[in-house]
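>
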Amino acid sequence: MTKGWFALFTIPLLVIFVTVVIIPFLMGIYYSFFDWDGIRANPMEFIGLENYLQLFSDSRFIESALVTIKFTVIAVITVNILGVTFALLVTSALRTVNAARAMLFMPNLIGGLILGYIWQFIFTDAFKIIGEATGFESVFFNWLLDSDYSLYALVFVFTWQMAGYMMIIYIAGIQGISNDVIEASKIDGASYWQRLRKIILPLLMPSFTICLFLTLSFAFKIYDVNLSLTGGGPVNSTELFALHIYNEIFGYGNYGFGQAKAVIFFVLVAAVTLTQVYITKKREVEM
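Heads up, the sequence shown is in our numbering, so the first residue is -19 and it goes up one at a time.
1) Would you be able to state if there are at least three C-beta pairs under 8 Å between the region -6 to 12 and the region 193 to 200?
2) Could you tell me how far apart the beta carbons of Gln154 and Thr71 are, in whole angstroms, since I believe they sit closer than 8 Å?
3) Which stretch, first to last residue, makes up the alpha helix (DSSP H) that contains Trp142?
4) My output table needs one value for Glu25: the three-state DSSP class, helix, strand or coil.
5) Give the straight-line distance between the Cα atoms of Gly231 and Gly213, rounded to the nearest whole angstrom.
6) Could you check the C-alpha separation between Phe85 and Glu25 for me, to the nearest Å?
7) Measure the C-alpha to C-alpha separation of Phe13 and Ile27 and round it to an integer number of angstroms.
8) Using only the heavy atoms of the ligand MN, determine whether one of them is closer than 7 Å to the beta carbon of Asn227.
9) Taking the alpha helix (DSSP H) that Pro186 falls in, what are its first and last residues?
10) Tell me the start and end of each unbroken alpha helix (DSSP H) in the region 48 to 112 that is at least 4 residues and wholly inside, in chain order.
11) Based on Cα-Cα distance, which residue from Asn227, Ser208 and Leu29 lies nearest to Ser130?
12) What distance in whole Å lies between the Cβ atoms of Phe121 and Gly111, which are believed to be in contact at a cut-off of 8 Å?
13) Judging by CA-CA distance, which residue of Asn31, Trp99 and Trp16 is the nearest neighbour of Thr139?
14) Does DSSP put Asp168 in a helix, in a strand, or in coil?
15) Going by the CB atoms, is the gap between Val257 and Phe188 shorter than 8 Å?
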């Protein structure tokens, strides 16, 4: 009877996963060996590994890769620092803890496209008004038109969206720490910063493993906010991996070449995230 219920709930999910994820992924690998524009009426020419070899001479792909790596590094740091800070704040003796948790988590409930358009208005119009009113026009201007600041605008919005989500995971980790350990450290005369550095943060390593994995994955794969906030501009300075691959396939009609980029993208993300999990898991064992 138990096996029957297990099959009832598991098999439909497996069918959906195979249909939506595995089959398209294998088809993408297959198409990456062809020169094709994605239109079924047009012929597909098998060219082997030529699409993959061509990647190394594609300057736009290299630039997109570098920008994506830079964005990911900054975003992972800012999201997790804010996530831990928020978690420590809302697990303290504040009277408005529940309201604070709700407000900090709320940005994650807003869809990426809508979020991008909201912040596009803020950077375009609100920043201009604030700059003129305060006189700090060197800070409050339209970041989206400046290639030196547009990427940081993207990092800012991504951090604002994801920090509350990571906060929930860190809260669970903090609440899982035994009160006996904290009380013993207080009796021994440990200050708050000593408890934070020697007890709380080390015991949060399982939460760090999860949050670093999620932020790395989300940052590498960001598309909706990238599309609605900057559209890859100005002058492709914020065209991250996912948007670049989309433009290659649907904008330029290079279906096979775009699929080759997608395969390389998958390998890169998998390598980075699995390496991160391996390293942080080892830290958990040591602790």
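All residues carry an ideal CB built from backbone N, CA and C; glycine is no exception.
In terms of the structure at hand:
1) Segments in contact, no.
2) For clarity, residue 154 is Ile in the given sequence; the question names Gln instead. Between the beta-carbon of Ile154 and that of Thr71 there is about 5 Å, and that keeps the pair under the 8 Å contact cut.
3) The question names Trp, but residue 142 in the sequence shown is Met. It spans Ser130 to Gln155 - the alpha helix (DSSP H) in which Met142 sits, taken as one unbroken run.
4) Strand, per DSSP.
5) 15 Å
6) 49 Å
7) Roughly 6 Å separates the two Cα atoms.
8) In the structure on display, the ligand MN does not appear, and there are no ligands present to speak of.
9) Met185 to Lys201
10) 77 to 85 and 92 to 101
11) For Ser130, the nearest C-alpha among the options comes from Ser208.
12) 6 Å
13) That would be Trp99, whose Cα lies nearest to the Cα of Thr139.
14) coil
15) no
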